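Colleague: Quick one: the structure is below, and I'll ask about it shortly.
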Amino acid sequence: MSSPLYWKAASIMGATGVGLTAFGAHGLGKYVNNDATKLKNWSMAAHFQLLGSVTLLVLSSIPPSVRRIHPAAMPLILSGTACFSGTIYLLTLKREQFRALGPVTPLGGLLLIGGWASLLL
Numbered sequence: 128m129s130s131p132l133y134w135k136a137a138s139i140m141g142a143t144g145v146g147l148t149a150f151g152a153h154g155l156g157k158y159v160n161n162d163a164t165k166l167k168n169w170s171m172a173a174h175f176q177l178l179g180s181v182t183l184l185v186l187s188s189i190p191p192s193v194r195r196i197h198p199a200a201m202p203l204i205l206s207g208t209a210c211f212s213g214t215i216y217l218l219t220l221k222r223e224q225f226r227a228l229g230p231v232t233p234l235g236g237l238l239l240i241g242g243w244a245s246l247l248l
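The sequence shown begins at 128 in the working numbering and counts up one residue at a time.
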């Protein structure tokens, strides 16, 4: 996959991350009965989404002529962020309906760890 793809994906991820952060701060409470744990989990997911977005923007903006980024880094960070944050959002809103996706959250975390670790290679 090319860097323009990651730039666009990161831009979408950033825009939706800002929107989901705002929703978590201003609208989520009434849907989760102001459950402090759910609000905290949502906030954490949004922060990881924004961090993943900025990371991908930075990595994809490095010119190919000077880029020495392992080819697995950006796909791992993108998929890890989507799995980690995405499942937390779903489980926060409808835990029983999306219970089967619970194991995807730590897998997303492992993908993120792999993406960051691959930057060492």
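Here a beta-carbon is modelled for each residue, glycine too, at the ideal position from N, C-alpha and C.
In this text the structure is predicted, and so the values were computed from the model without any measurement.
Going straight from the alpha carbon of Ala142 to that of Leu155, what length do you get?
Modeller: Roughly 18 angstroms separates the two Cα atoms.
Colleague: Is Phe225 helix, strand or coil when you go by DSSP?
Modeller: Phe225: coil per DSSP, three-state reduction.
Colleague: Name the residue from Thr208, Gly207, Val231 and Ser206 whose alpha carbon lies nearest to the alpha carbon of Leu218.
Modeller: The shortest Cα separation from Leu218 among Thr208, Gly207, Val231 and Ser206 belongs to Val231.
Colleague: Please list, in chain order, all residues of the same chain as Ala172 whose beta carbon is under 6 angstroms from its beta carbon, the five residues on each side excluded.
Modeller: These residues qualify, in order along the chain: Ser212, Ile215 and Tyr216.
Colleague: On the CB-based measure, 16 or more other CB atoms within 10 Å of its CB, does Gly151 come out buried or exposed?
Modeller: Burial call: buried.
Colleague: Measuring only the C-alpha atoms, how far is Leu234 from Pro190?
Modeller: Distance between the alpha carbons of Leu234 and Pro190: 30 angstroms.
Colleague: Residue ranges of each alpha helix (DSSP H) run of no fewer than 4 residues wholly in the segment 128-168, ordered along the chain?
Modeller: Runs of the alpha helix (DSSP H) inside the segment 128-168: 130-153.
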